[in-house]
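Residue numbers (our numbering): 39 to 362. Here's the structure, in structure tokens; my notes come after.
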Amino acid sequence: ASVLALGPLIARFGEARVSMPGGCAIGVRPVDLHLRALEQLGAEITLEGGVILARADRLHGADIKFETVTVTGTENILMAAVLADGVTRLTNAACEPEVTDLAELLVKMGACIEGIATPELTVTGVPRLHGAAHSIIPDRIEAGTFLVAAAITGGELEILEAEPRHLDAVLDALRAVGVEIVEDEDCLRVKSSGRLQARDLTTAVYPGFPTDMQAQYLALMTQAEGECEIVETIFENRFMHASELQRLGANIRVQGSSARISGPAQLTGARLIASDLRASASLVLAGLAARGDTWIDRVYHIDRGYEKIEEKLRGVGADIERIK
Numbered sequence: 039a040s041v042l043a044l045g046p047l048i049a050r051f052g053e054a055r056v057s058m059p060g061g062c063a064i065g066v067r068p069v070d071l072h073l074r075a076l077e078q079l080g081a082e083i084t085l086e087g088g089v090i091l092a093r094a095d096r097l098h099g100a101d102i103k104f105e106t107v108t109v110t111g112t113e114n115i116l117m118a119a120v121l122a123d124g125v126t127r128l129t130n131a132a133c134e135p136e137v138t139d140l141a142e143l144l145v146k147m148g149a150c151i152e153g154i155a156t157p158e159l160t161v162t163g164v165p166r167l168h169g170a171a172h173s174i175i176p177d178r179i180e181a182g183t184f185l186v187a188a189a190i191t192g193g194e195l196e197i198l199e200a201e202p203r204h205l206d207a208v209l210d211a212l213r214a215v216g217v218e219i220v221e222d223e224d225c226l227r228v229k230s231s232g233r234l235q236a237r238d239l240t241t242a243v244y245p246g247f248p249t250d251m252q253a254q255y256l257a258l259m260t261q262a263e264g265e266c267e268i269v270e271t272i273f274e275n276r277f278m279h280a281s282e283l284q285r286l287g288a289n290i291r292v293q294g295s296s297a298r299i300s301g302p303a304q305l306t307g308a309r310l311i312a313s314d315l316r317a318s319a320s321l322v323l324a325g326l327a328a329r330g331d332t333w334i335d336r337v338y339h340i341d342r343g344y345e346k347i348e349e350k351l352r353g354v355g356a357d358i359e360r361i362k
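Shown next, in the form of structure tokens:
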């Protein structure tokens with residue numbers, strides 16, 4: 039997200055010029071949470087033609103309470119506050135593993151951050167940061183997507199270099215519907231050979247079930263026995279994949295922030311259009327389970343969150359190819 043450059047640029051250079059963020063069309067994701075927090079740190083913010091202009095002679099510490107939990111907002115303010123004068127206290131901060139990983143990197147670089155992995159962060163500014171060596175955590179959403187790939191096809195996979203403790207809510211949800219999962223320290227073994235049972239689900243901030251796995255779970259529920267409801271609490275307008283899944287034969291009814299799915303449905307290949315990153319993944323998963331060929335247009339969305347997904351799936355037996 040372009041907006042994530044805002045905090046560190048202001049902190050280091052005293053000014054920044056960043057385009058308003060774009061990304062997936064999944065409803066309102068207010069950047070004003072970032073901007074108001076930066077203003078509390080002493081930045082002057084103006085908007086001109088889709089560009090954010092920010093300036094500050096020197097940032098200073100502040101007590102900041104986010105109205106709603108924001109992952110990128112927490113990350114942005116963390117990167118700004120570590121170089122601000124004085125102490126910054128963040129309340130209602132995001133606790134996602136990605137935020138924790140960033141905070142741990144900043145500490146390695148010389149930052150002073152207390153309360154890591156909690157919703158209350160205290161940052162004492164330092165004059166400068168230094169370099170450090172750091173291994174980035176595995177992508178929990180990619181790992182979760184491949185777990186669903188095995189589940190929806192009745193297959194078996196071993197996912198290496200995963201971090202099971204970051205996936206507790208996803209693993210619990212998959213086990214509840216009948217998927218067998220064995221956890222090792224950095225590996226997940228998943229097997230799905232029996233009939234899946236439909237189970238209700240509600241997305242939530244971490245450590246709840248991630249909104250970025252909602253579309254994949256919905257695709258899986260089209261193959262489960264019974265009826266269930268999925269409630270989306272994080273973003274509005276995040277069921278655009280439902281209408282495309284219906285074209286494959288899925289029985290889905292969307293009303294507001296919830297979707298009701300009846301299954302199992304016999305999916306039949308069709309030509310589909312991807313609307314956003316995670317919707318793209320759900321269509322690929324459904325295509326794996328569908329009879330016949332499924333064509334998915336606008337797959338550039340999926341490249342924003344998955345590296346060579348078709349090659350990885352083909353490597354474990356999927357009949358999938360990218361058409362240039």
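We treat Cβ as the ideally placed atom computed from N, Cα and C, and that holds for glycine. All values reported here derive from a predicted model rather than from experimental measurement.
Residue from Ala236, Glu136, Val220 with nearest C-alpha to lysine 229: Considering only alpha carbons, the answer is Val220.
I want to know whether the stretch 160–173 touches the stretch 328–339 - three or more CB-CB distances under 8 Å. Inter-segment contact for the stretch 160–173 and the stretch 328–339 is absent: fewer than three beta-carbon pairs are separated by less than 8 Å.
With 16 as the cutoff for other CB atoms within 10 Å, does arginine 291 come out buried or exposed? Result: exposed.
Arginine 55 versus alanine 39 - alpha carbon distance: Within the model, the alpha-carbon separation for arginine 55 versus alanine 39 is close to 14 Å.
If we ignore side chains and look at the alpha-carbon of each, how far apart do glutamate 381 and glutamine 78 end up? There is simply no residue 381 to check, as the chain begins at 39 and stops at 362 in what is shown.
Within the chosen definition, does the stretch 180–198 reach the stretch 132–146 through at least 3 CB pairs nearer than 8 Å? In the pairwise beta carbon analysis, the stretch 180–198 is classified as not touching the stretch 132–146: fewer than three pairs are separated by under 8 Å.
Is isoleucine 83 helix, strand or coil when you go by DSSP? DSSP places isoleucine 83 within a strand segment (E or B) once states are collapsed to three.
I need the straight-line Cα distance from arginine 298 to leucine 283, nearest angstrom please. Using only the alpha carbons, I get a separation of about 13 Å.
For glycine 52, which option in His72, Arg74, Glu152, Ile83 has the closest C-alpha, if you only look at C-alpha atoms? For the residues His72, Arg74, Glu152, Ile83, the minimum Cα distance to glycine 52 belongs to Ile83.
Closest to arginine 352 by C-alpha separation, out of His339, Arg342, Val322, would be which residue? That would be Val322, whose Cα lies nearest to the Cα of arginine 352.
Out of Ala81, Ile102, Leu205, which one is the CA nearest neighbour of arginine 93? Measuring from the Cα of arginine 93, the nearest candidate turns out to be Ala81.
Between the Cα of lysine 103 and the Cα atoms of Leu159, Asp238, Arg285, Ala118, which residue gives the shortest distance? Checked all of Leu159, Asp238, Arg285, Ala118; the closest Cα to lysine 103 is Leu159.
For valine 208, three-class secondary structure by DSSP: In the structure shown, valine 208 sits in a helix (DSSP, three-state: H, G or I).
Would histidine 279 and alanine 303 be called neighbours here (beta carbons separated by less than 8 Å)? It is not a contact, given that the beta carbons lie outside the stated cut-off.
Counterpart residues of arginine 55 in DSSP-defined beta bridges: Answer by DSSP bridge pairing, in chain order: Leu91.
Should proline 202 be counted as a contact of the ligand GTP given a C-beta to heavy atom distance under 7 Å? With respect to the ligand GTP, the structure offers nothing, as it holds no ligand at all.
CA-to-CA distance, alanine 207 to isoleucine 179, given in whole angstroms: Between isoleucine 179 and alanine 207, the C-alpha separation is close to 12 Å.
Just to check my reading of the structure: asparagine 114 and glycine 45 have Cβ atoms closer than 8 Å, yes? What is that Cβ distance to the nearest angstrom? Confirmed, Cβ separation roughly 4 Å.
Taking the straight line between their C-alpha atoms, what separation do you get for glycine 246 and leucine 205? Rounded to whole angstroms, the gap between the alpha carbons of glycine 246 and leucine 205 is 9 Å.
Valine 292 bridges to which residues according to DSSP? DSSP lists Ala297 as partners of valine 292.
Segment limits, beta strand (DSSP E) that includes lysine 229: Counted as a single uninterrupted DSSP element, the beta strand (DSSP E) harbouring lysine 229 occupies residues 225–229.
For proline 135 and isoleucine 175, which I take to be in contact (beta-carbon distance under 8 Å), what is that distance rounded to the nearest angstrom? Taking C-beta atoms under 8 Å as the contact rule, proline 135 and isoleucine 175 qualify, at a distance of about 6 Å.
For glycine 65, which residues of its own chain have a beta-carbon under 6 Å away from its beta-carbon, when the five flanking residues on both sides are left out? Its pLDDT being 49, under 50, glycine 65 is placed unreliably by the model, and nothing is read from it.
Is the beta carbon of alanine 236 closer than 8 Å to that of alanine 262? Yes, they are a contact pair.
C-alpha distance - aspartate 250 paired with leucine 71, whole-angstrom precision: Answer to the nearest angstrom: the Cα atoms are 20 Å apart.
Proximity below 8 Å, CB of glycine 99 to CB of valine 125: Yes; because the gap between Cβ atoms is below 8 Å, this pair is in contact.
By the 10 Å Cβ neighbour count, where 16 or more other Cβ atoms means buried, how is aspartate 314 classified, buried or exposed? Flag for aspartate 314 reads buried.
Candidates Thr110, Val109, Leu116: closest to aspartate 101 by CA position: That would be Leu116, whose Cα lies nearest to the Cα of aspartate 101.
Can you say whether alanine 214 is buried or exposed, counting buried as having 16 or more other CB atoms within 10 angstroms of its CB? Around the beta carbon of alanine 214, fewer than 16 other beta carbons lie within 10 angstroms, which makes this residue exposed.
To the nearest angstrom, how far is the alpha carbon of valine 107 from that of arginine 227? In a straight line, the C-alpha of valine 107 is about 32 Å away from that of arginine 227.
Would you tell me roughly how many angstroms separate the C-alpha atoms of isoleucine 151 and methionine 58, rounded to the nearest one? Approximately 28 Å, taken between the alpha carbons.
I need the DSSP call for isoleucine 311, collapsed to helix, strand or coil. Under the three-state reduction of DSSP, isoleucine 311 is assigned to strand.
Quick check: the Cα distance between glutamate 345 and valine 354, rounded to an integer number of angstroms? A straight line joining the alpha-carbon of glutamate 345 with that of valine 354 spans about 15 Å.
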